[in-house]
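**Student:**
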Amino acid sequence: MTDDPATLWHATAAALPAYPSLSGPAEADLLVIGGGFSGLSTALHAAEAGLSVILLEAHRIAWGATGRNAGFVVPNFAKVDPDAIRAKLGTKAETLITMAAGSGDLVFDLIRRHAIACEAQQVGWIQPSHSEAAFAKAQDRVRQWSALARPVHLLNAAEVTALTGVNGWRGGWIDRSGGVLNPVGFARGLARAANAAGVRIHDSSPVTGLHRHGTDWQAITPNGKITARRVVMATNAYVGDLWPRLARSFFPLQVFQVATAPLPLSVRSRLLPEGQCVSDSRRNLFTFRFDAQNRLISGGMHILSLGAKARVPAAIHRRMARFLQLPDLPPLAYQWSGMAAVMPDFLPRVVELAPGLIAGFACNGRGIALSTAMGQQLADWANGTPAEALALPLNPANPIPLHALSRLAPNALLPLNIIRDGLESR
Ligand SMILES: Cc1cc2nc3c(=O)[nH]c(=O)nc-3n(C[C@H](O)[C@H](O)[C@H](O)COP(=O)(O)OP(=O)(O)OC[C@H]3O[C@@H](n4cnc5c(N)ncnc54)[C@H](O)[C@@H]3O)c2cc1C
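Each residue of the sequence shown is one higher than the last, beginning at 2 in my numbering.
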C-alpha cells in the first residue's frame, strides 16, 4: 500500500479507508484510470447514468495533483477569456465557456448534494491587479464573464484592500461563484459518493498495460485484469509510461505549496476577513488563503529543479511575509509539491486515443472546478456522446514539438517574468 503524500490536506481531511487492490479478472461498461477529480467525477456521473464502472488508482484516492493543490475553486480559465476562446474555437466555444462558467456552482452543488465535509466555502475568488494594464484587463474580464450572468464584480484599490487586508494592488475583480475547500476532503467525498452509486474502486492498482480485446479494452494490473467497453484515462500529469504520446502532449509543471502554523486571531482577522482565496495578476503569481485552522497557504514554482525542494518553500515563506507585511509570520508546518498539466493555450483537452479510449487532461491550474466539470463530459462520452460533441476541445494527441526542451519553458521564463512583473507594478 502506498502512503498518502505529506500534505496539509491529507493530514486534516476526514479519513477514507483504503479500497482493496484489484485481484483477479473483472468486467465493466466503463473503466476509469486515475483517482483524482477527473476520474472520480467521471465515475460518479457515469454510475449515476446507469453504467457499471470500475475505477483503478495506482496509489490512493487523491494521491496526484488532486491532493496536492491549494484548494482554490476558480471557475474560469488561466489567462484566456470568452472572446479569445470564441476567436480560437468558433462554434465549439460556447459549450466550453458555459462549462467553465458553471464549474464553481457544480463543485459546491456536489458538495451539498452528497453532504461532503471538506471545509467548503463558496465565498469567491479574487484576482487583484498588479499594474494599470492588469486592471484594464480585469475590467475586460468582468465585462466578458458578466455577459454570461456570472456573479463577477470589478473592485477598486480600496475594495481590494478591504477584502484582502493588503495595500498596493491597483484594483482587481472577484468571481463570487468560486471559493475554497480542502481538496482531499472533496475528493474523498466524491469517492464515497461514487462508491455508493455503485462504482467499484481499487487503490494500489496501477494499470501497467492497455490492449484492444475484440471491440473491448483490457487493462492489466499486477494482480488483476479488467475488460471494459470503454476506458477513460484520467491520469493527467501522472500518466507516466502508460501512453507515451499522451505524456508528450502537455507541459508537466511542478508546483510547490506551503502552509504555516496557525496565525494568532489578532493577525488572522486583518487578512481575508470573508475567507476568499487570492491569486494576483502577476506572471509569477502571488497566491494566498487560510484553511479552517487559520494556517496561511501559498505556492510557487522553481526556476531550477536541482535543490528546489529545500529552496522554494523557504522563498515562498519569505514572499508571504513581505507581501502580507507579517514580519512575525509563523514557520512552515507543511510543504509539498505536485505536478500540474499545462497547455500552451491554457485550455483543457480531450483526446480520443483510439476507438473506445479517451483521455481528459490539462485543466491548467483550474482543475478543482474544471476537472470536476470535465468528468461530467467524459461520463457523457462513456454513455454514447461522440467525442466531437463534448464541450472540450478535441486534441489529435499530437505531441508538442521538441517536448523534451519546450517543457522547460514555463520554468526557464520565470526570471524574465519576475523582472517584467516588477517593472509593471512600479
Ligand atoms: C501544487 C498544485 C497546486 C494547484 N492548485 C490548484 C488550485 O488551487 N485550484 C485548482 O483548481 N487547481 C489547482 N491545481 C491543479 C489541479 O490540482 C489539477 O488540475 C487536478 O487536481 C487534476 O486532477 P486529475 O484528476 O485530472 O489528475 P490527478 O489528481 O493528478 O490524478 C491522476 C491520478 O492518476 C493516477 N494514475 C496515473 N497513472 C496511473 C495508472 N497507470 N494506473 C492507475 N492510476 C494511475 C495517479 O496516481 C493520480 O492519482 C494545482 C496543481 C498543483 C500541482
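Cβ coordinates follow ideal geometry from the N, Cα and C atoms, glycine included.
Please read these numbers as outputs of a predicted model, since none were measured by experiment.
Mapping the DSSP letters down to three states, classify G215 as helix, strand or coil.
**Tutor:** Numbered from 1 along the sequence shown, position 214 holds the residue referred to as residue 215. Looking at G215 - three-state DSSP - the assignment turns out to be coil, as it is neither helix nor strand.
**Student:** If you draw a straight line from the C-alpha of L107 to the C-alpha of E95, how long is it?
**Tutor:** Reading the sequence shown from its first residue, position 106 is the one you call residue 107. Reading the sequence shown from its first residue, position 94 is the one you call residue 95. Their Cα atoms are separated by approximately 18 Å.
**Student:** Run the CB neighbour count on R367, radius 10 Å, all protein chains shown included, and call it buried at 16 or more, exposed below.
**Tutor:** By 1-based counting over the sequence shown, the position of residue 367 is 366. It counts as buried.
**Student:** Determine the extent of the alpha helix (DSSP H) in which N196 is found, giving its start and end residues.
**Tutor:** By 1-based counting over the sequence shown, the position of residue 196 is 195. Element bounds for N196: P184 to A197.
**Student:** At a threshold of 8 Å, does W64 count as lining ligand 1 (C-beta to nearest heavy atom)?
**Tutor:** The count along the sequence shown starts at 1 and reaches residue 64 at position 63. Yes, the beta carbon of W64 sits closer than 8 Å to at least one heavy atom of ligand 1.
**Student:** List the residues that DSSP assigns as beta-bridge partners of T288.
**Tutor:** Looking up residue 288 in the sequence shown gives position 287. Paired residues: S280.
**Student:** Going by the C-beta, is Y239 closer than 8 Å to any heavy atom of ligand 1?
**Tutor:** Here residue 239 refers to the residue found at position 238 of the sequence shown. Under cutoff, so the answer is yes.
**Student:** In angstroms with no decimal places, state the Cα-to-Cα distance between H318 and W337.
**Tutor:** Walking along the sequence shown from the start, residue 318 turns up at place 317. Walking along the sequence shown from the start, residue 337 turns up at place 336. Their backbone Cα atoms lie some 13 Å apart in a straight line.
**Student:** Which runs of the alpha helix (DSSP H) fall wholly inside the region 78-121 and span at least 4 residues, in chain order?
**Tutor:** DSSP runs (the alpha helix (DSSP H)) wholly in the region 78-121: 83-90, 94-102 and 104-114.
**Student:** Exposed or buried, what is N224 when buried is set at 16 or more other beta-carbons lying within 10 Å of its beta-carbon?
**Tutor:** Here the question's residue 224 lines up with position 223 in the sequence shown. Under this definition N224 is an exposed residue.
**Student:** Could you say if the region 124-144 and the region 165-173 meet the contact criterion of at least three C-beta pairs nearer than 8 Å?
**Tutor:** Because the criterion of three Cβ pairs below 8 Å is met, the region 124-144 and the region 165-173 touch.
**Student:** So, for T8: in the same chain, excluding its five sequence neighbours on each side, which residues have a beta-carbon less than 8 Å away from its beta-carbon?
**Tutor:** To locate residue 8, count along the sequence shown from 1; it is residue 7. For T8, where only same-chain residues beyond five positions count, the Cβ hits under 8 Å are G68, R69, V185, Q258, Y335 and W337.
**Student:** Would you list, in sequence order, the uninterrupted beta strand (DSSP E) runs of no fewer than 3 residues that lie entirely inside the region 323-373?
**Tutor:** Listed in chain order, they are 333-343, 350-355 and 358-362.
**Student:** Starting from the C-beta of D82, find all residues in its chain whose C-beta is less than 8 Å away, skip the five residues before and the five after it, and write them out in chain order.
**Tutor:** In the sequence shown, the residue the question calls residue 82 occupies position 81. If we look at D82 and ignore the five residues flanking it on each side, its Cβ neighbours are D141, R142, Q145 and W146.
**Student:** For M2, is the classification buried or exposed, using 16 other Cβ atoms within 10 angstroms of its Cβ as the cut-off for buried?
**Tutor:** Numbered from its first residue, the sequence shown carries residue 2 at position 1. Reliability fails at M2, whose pLDDT of 47 lies under 50, so the model's placement of it is uncertain and no value is given.
**Student:** Where S306 and G241 are concerned, what is the direct C-alpha to C-alpha distance, given to the nearest angstrom?
**Tutor:** In the sequence shown, residue 306 corresponds to position 305, counting from 1. In the sequence shown, residue 241 corresponds to position 240, counting from 1. Looking at the two C-alpha atoms, the distance is approximately 19 Å.
**Student:** Considering V161, what are the terminal residues of the alpha helix (DSSP H) in which it resides?
**Tutor:** Along the sequence shown, one-based indexing puts residue 161 at 160. Its alpha helix (DSSP H) spans residues A158 to T165.
**Student:** Between which two residues does the beta strand (DSSP E) containing S22 stretch?
**Tutor:** Counting from 1 along the sequence shown, the entry for residue 22 is found at position 21. Run containing S22: none; DSSP gives neither H nor E here.
**Student:** I'd like the list of long-range same chain contacts for R87, defined as Cβ closer than 6 Å, with 5 residues on each side in sequence excluded.
**Tutor:** Within the sequence shown, the letter at position 86 stands for residue 87. Once the five neighbours on either side are set aside, the close Cβ partners of R87 are A94.
**Student:** M321 bridges to which residues according to DSSP?
**Tutor:** As a first step, residue 321 must be located in the sequence shown, where it is residue number 320. Per DSSP, none; premise fails for M321.
**Student:** Based on the DSSP secondary-structure assignment, which residues constitute the bridge partners of V181?
**Tutor:** Locating residue 181 in the sequence shown gives position 180, counting from the first residue. Beta-bridge pairing links V181 to F73 and Q122.
**Student:** Could you tell me which of A101, V75 and P6 sits nearest to A66, measuring between CA atoms?
**Tutor:** As a working mapping, residue 66 is identified with position 65 in the sequence shown. It is P6 whose Cα lies nearest to the Cα of A66.
**Student:** Within 8 Å, do at least three Cβ pairs link the region 233-248 to the region 36-56?
**Tutor:** The region 36-56, when compared against the region 233-248, does touch it at the 8 Å Cβ threshold.
**Student:** Between the alpha carbons of G276 and K226, how many angstroms are there, rounded?
**Tutor:** Counting from one through the sequence shown, the residue named residue 276 turns up at place 275. Counting from one through the sequence shown, the residue named residue 226 turns up at place 225. Going by the C-alpha atoms only, they are around 46 Å apart.
**Student:** Exposed or buried, which one is A311 when buried takes at least 16 other CB atoms within 10 Å?
**Tutor:** Counted from its first residue, the sequence shown places residue 311 at position 310. A311 should be labelled exposed.
**Student:** Note down the Cα distance separating T165 from L273, rounded to an integer number of angstroms.
**Tutor:** As a working mapping, residue 165 is identified with position 164 in the sequence shown. As a working mapping, residue 273 is identified with position 272 in the sequence shown. T165 and L273: Cα-Cα distance of roughly 4 Å.
**Student:** If you measure from the CB of P207, is any heavy atom of ligand 1 nearer than 8 Å?
**Tutor:** Here residue 207 refers to the residue found at position 206 of the sequence shown. Indeed, a heavy atom of ligand 1 lies less than 8 Å from the Cβ.
**Student:** Please tell me whether W126 has its Cβ less than 9 Å away from any Cβ of chain C.
**Tutor:** Checking the listed chains, one finds no chain C in this structure; it contains a single protein chain.
**Student:** Please report the residue range of the beta strand (DSSP E) in which W174 lies.
**Tutor:** The residue you call residue 174 lines up with position 173 of the sequence shown. It spans G172 to D176 - the beta strand (DSSP E) in which W174 sits, taken as one unbroken run.
**Student:** With which residues is H60 paired in a DSSP beta bridge?
**Tutor:** Residue numbering aside, residue 60 sits at position 59 when the sequence shown is read from its first letter. H60 pairs with nothing; no bridge assigned.
**Student:** Among A188, A197, T222 and H212, which has the Cα closest to the Cα of S206?
**Tutor:** As a working mapping, residue 206 is identified with position 205 in the sequence shown. S206 has its Cα closest to that of T222, out of A188, A197, T222 and H212.
**Student:** What's the gap between the Cα of W244 and the Cα of E353?
**Tutor:** Taking the first residue of the sequence shown as 1, we reach residue 244 at position 243. Taking the first residue of the sequence shown as 1, we reach residue 353 at position 352. Their Cα atoms are separated by approximately 12 Å.
**Student:** Roughly how far, in whole angstroms, is the beta-carbon of S53 from the beta-carbon of A15, given that I think they are within contact range, below 8 Å?
**Tutor:** Looking up residue 53 in the sequence shown gives position 52. Looking up residue 15 in the sequence shown gives position 14. That pair is no contact at about 27 Å.
**Student:** Cβ-heavy atom distance between N365 and ligand 1 below 8 Å?
**Tutor:** What you label residue 365 is simply residue 364 of the sequence shown in a count that begins at 1. Yes, ligand 1 has a heavy atom inside 8 Å of this Cβ.
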